[in-house]
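K.L.:
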Amino acid sequence: MNSVKQRMPRLLGWLDEREPDVVCLQETKLADDAFTALLGQELAGRGYEVALYGEVQWNGVALLSKVGLEDVVTGVAGAPGFPNPEARAVAATCGGIRIHSLYVPNGRVPDSDHYVYKLAWLKALRDVVSAGPAEQIVCGDMNIAPTDADVFDPAAYVGSTHVTAPEREALAELLATGLHDVVRDRWPTERIFSYWDYRAGMFHQDLGMRIDLMLASDPVAERVKAAWIDRKARKGTGPSDHAPVIIDLDVAPDGDIGPVVPPPSNPRGARKRTTKLPQNR
DNA sequence: ATGACTAAATACTTTAGA
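Quick note on our numbering: the first sequence kicks off at -18 and runs consecutively.
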């Protein structure tokens, strides 16, 4: 979000456009009471239950759900603070899936105190996910580009955080609990970024990084029918510097995630689409 | 030239982001 307060009109417009069942927000930069005062009514009116873990100035995460919001846990058990606990994780069970909305620490400079904090935080996260149920989604601003294909120019990031071997190893250990990077799996060779620096026209030149990830366990990954980065949401006036990542899940055999919607009756017969769809860029 | 842009607290500047 880079401030939910600054992004409120865009957020509400995006919710109305996409109508997601579950939404994970990061970098809300708002204390919980201020979040509720600002957005409580707007979200309730759209059918969302809300779980919040915010603070006054920085960080802040949220989970919105139309399909249930049970067993809410804030923070990551066993994770360090910097030095105090920071509002970087909220988890809940929504429609039968354990969902984690995460804002992984930045790391700032390799080998700095903040970098050590980032790695320790990720290790604690791995342990929590490892002990979690079979159906999980681990998502948010992971602040790691999984491979060099996930940055516009690997040479530009040498010596920077987000691409170092220990960070990528920490991500690999998280994935080794049984998670799939479902957006990369869907677009194995495409240039796809989720973050572009505000400066120097980086977005307009498509010079970015893919650091916002949607990681799903096996039974959830099997239900992914679409997965993409909503680059359009980064355009226009007053955007965040990140774009939303979206996945569309098929309804589970037990009906998890939303009501089963009957197919529309179409007495005149289905019409074939003949116009070419625009590219998502 | 560690610049550029955006946001926050508290404040007219510093810290943070990545």
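Each residue gets a CB set at the ideal place from its N, CA and C atoms; glycine is no exception.
Look at A72 and G35 and say whether their C-beta atoms are less than 8 Å apart.
P.N.:
No.
K.L.:
Assign G121 to one of three DSSP states: helix, strand, or coil.
P.N.:
Strand.
K.L.:
Short check: CB of M(-18) to CB of T9, under 8 Å?
P.N.:
A contact, by the Cβ cut-off of 8 Å.
K.L.:
Measuring straight from C-alpha to C-alpha, what distance separates S93 and N87?
P.N.:
Looking at the two C-alpha atoms, the distance is approximately 11 Å.
K.L.:
Short of 8 Å in beta carbon distance, which residues of its chain neighbour P240, apart from the five on each side in sequence? Order them along the chain.
P.N.:
Confidence in P240 is poor, its pLDDT being 43 and thus under 50, which makes the residue's placement too unreliable to answer from.
K.L.:
Is DSSP giving W168 helix, strand or coil here?
P.N.:
DSSP places W168 in coil when its eight states are reduced to three.
K.L.:
Return the chain-ordered list of same chain residues with a C-beta closer than 6 Å to the C-beta of A208, the five sequence neighbours on each side being excluded.
P.N.:
Within the same chain, A208 has close Cβ partners V163, V164, R167 and I228.
K.L.:
Assuming D122 and Q7 are in contact, meaning their beta carbons sit under 8 Å apart, how far apart are those beta carbons, in whole angstroms?
P.N.:
So it is a contact: roughly 5 Å between Cβ atoms.
K.L.:
Under 7 Å: does the beta carbon of W209 sit that close to some heavy atom of the ligand PLP?
P.N.:
As presented, the structure is devoid of all ligands, the ligand PLP included, so that no description of it is given.
K.L.:
To which residues does DSSP link E30 through a beta bridge?
P.N.:
Note: E30 sits in a beta bridge opposite S46.
K.L.:
Classify W(-5) as helix, strand or coil using the three-state DSSP reduction.
P.N.:
Helix at W(-5).
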